[in-house]
Amino acid sequence: MQKKYRLKNGRVFSYLHRKGESNANKMLVLVHAPSKYPLKAGFIVSKKVDNRAVIRNKVRRRLREAFRALIPYLKDSENYIVIAREACGKANFEEIANSLLHLIIKSNLLAARIDDDVAQRLKIKQSVLDKAKFD
RNA sequence: CAAGACAGCCAGACUAUCGCAGACCGCAAGGUAUGAGGAAAGUCCGAGCAUCACAAGGCAGAGUGCCGGCUAAUUACCGGUCAAGGCGACUUGAAGGAAAGUGCAACAGAAAUAGACCGCCUAUAUUUUAUAGGUAAGGAUGGAAAGGCGGAGUAAGAGCCCACCGUCUUUGAGGUAACUCGAAGAGCCAUGUAAACCCCAUUUGAUGCAAGAGAACGCGACGCAUAGGUAGCCUGCCUGUCGCAAAAUCGCUUGAACGCAACGGUAACGUUGCGUCUAGACAGAUGAUAGUCCAAUACAGAACUCGGCUUAUAGACUGUCUUGCUAA
RNA sequence: GUUUUCGUAGUUCAAUGGAUAGAAUAAGCCCCUCCUAAGGGCUAGAUUCGGGUUCGACUCCCGGCGGGAACA
Numbered sequence: 197m198q199k200k201y202r203l204k205n206g207r208v209f210s211y212l213h214r215k216g217e218s219n220a221n222k223m224l225v226l227v228h229a230p231s232k233y234p235l236k237a238g239f240i241v242s243k244k245v246d247n248r249a250v251i252r253n254k255v256r257r258r259l260r261e262a263f264r265a266l267i268p269y270l271k272d273s274e275n276y277i278v279i280a281r282e283a284c285g286k287a288n289f290e291e292i293a294n295s296l297l298h299l300i301i302k303s304n305l306l307a308a309r310i311d312d313d314v315a316q317r318l319k320i321k322q323s324v325l326d327k328a329k330f331d
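Quick look at the structure:
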């Protein structure tokens, strides 16, 4: 994920926490809100997920990889925070990618239909894709 | 063959597509090579480096404590001595001083740093036995009982005397030394504990890269000593001080570096030669997918940098040695 | 990242190197009561782990494990 998409400012983080809309499932929490910056995303993996740095790094890298593939299809006016919950420590990439897309669709943030080759690469299930609606 | 002891080594590899970090090349598009560990961990020791005055003197406090070597440095590494444990290979050890002083040693036991409960012997009285004295060989208690064991000696006993062992003093030989092996003499008087206080020797200023440096710089408070300057106290030295708000650069990776070879050394390690440049972020870089080989990946992620120690660790592999059994 | 402190019954706390590790409360059983509560009696339950020093360790020393606190 390129540097321009990274959320670095601590003030924006606390702003999103305070004002943003949040949606959650068993694995992840997605917080989003519009701000003065174009599309940016931050990832939070706390010690609650796992006490070992190796596992937390792996979870964060998988989240970033899954999010990177979906950037072209997202609304670019919003800022995002993805928070990992405890189930992420044991999940594989396929499960993380599916639940991330599930949250994005649930929050109604998809701007375009996802292409087949991307869906195949992320191993997105058809049942998740079917729920997508467009304005 | 079985059971062990010690030492060492590896820590998956490769291919394709997409993606990240800093570096280099390029006007740009883009391209090129490189990119976590043996413990990166714990922060238990030792240094470098930085600031506090160029950290100086004294007290207090703290660490260390057999000998030699190695090192930038260490009590922690290497080799040895001694002690303890093990049939053995081998392992473990903060291992100076108890004859400077103080404290403590529960319970048991007659008595715990000095001693007569039972016993033994002698004397007196005497039916049993009692009283007085001698005696530490025997019993009983204890972690520890007054050097051990044997002889001589005695009323019974006793280092009272003798031999051997132990202890101390003097001394000879070996060893760099700790110490070892002897000889002579003395004396058997003085228990243990210093990871109790302590004594002796020796080391030690504090704080840590969020240290700090330079540049830039907003607001507020106090006003020259009864204050502050990162040391518990004293001496000494220096100085305008404090609080709040908010960012970037440097420090930041060529280093007591790593690899290979030769030489010296039992080893830790050292010397020389050749070669290499090998993460440097700041919301914090190694991932995703597919495939091949394979018996198969455990513990686990750099944040100023090194040397050691400790702890976690799947699956193996290599070498040397010990004990037992069997066979030749 | 740096510094620092603590660990004793289920819980809250005691214990000078020498106890069978003590108290309160909670738990279980019994008594009391028509029943419950209160009260009385009895029972079981612990030194974070591994080494060392010592005749003897909750206590002293070393190392590990786990928790808390401070700085920022």
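This note's numbering runs 196 ahead of the 1-based position in the first sequence.
Here a beta-carbon is modelled for each residue, glycine too, at the ideal position from N, C-alpha and C.
Computed from a prediction, not measured in an experiment: that's the story for all the values here.
Annotation for L318: no beta strand (DSSP E) segment contains it, though the alpha helix (DSSP H) segment containing it runs 312 to 318. Assigned with DSSP and collapsed to three states, V250 falls in helix. Contact between the segment 308 to 316 and the segment 274 to 287 is absent: fewer than three C-beta pairs spanning the two stretches fall below 8 angstroms.
Remark: C-beta atoms of G216 and V227 approach each other more closely than 7 angstroms.
Under the 8 angstroms Cβ criterion, the segment 264 to 278 counts as touching the segment 303 to 312, having at least three qualifying pairs.
The Cβ neighbour count for S295, taken over all protein chains shown within 10 Å, is at least 16; the residue is labelled buried. Closest option to L259, judged by alpha-carbon separation, among I279, H213, S210: I279. Between L297 and I277, the C-beta gap is not smaller than 7 angstroms, which leaves the two residues out of contact.
With a minimum length of 4 residues, the unbroken runs of alpha helix (DSSP H) contained wholly in the segment 260 to 319 fall at 289 to 302, 312 to 318. For A229, the closest alpha carbon among the candidates I301, R252, L212 is that of L212. Under DSSP, L226 shares a beta bridge with N219, V278.
The beta carbon of S303 lies closer than 8 angstroms to those of E217, N219, L226, H228 in the same chain, with the five residues before and after it left out. Beta-bridge analysis with DSSP links A237 to R202, Y276. Residue environment analysis places A249 among the exposed positions, since fewer than 16 neighbouring C-beta atoms fall within 10 angstroms of its C-beta.
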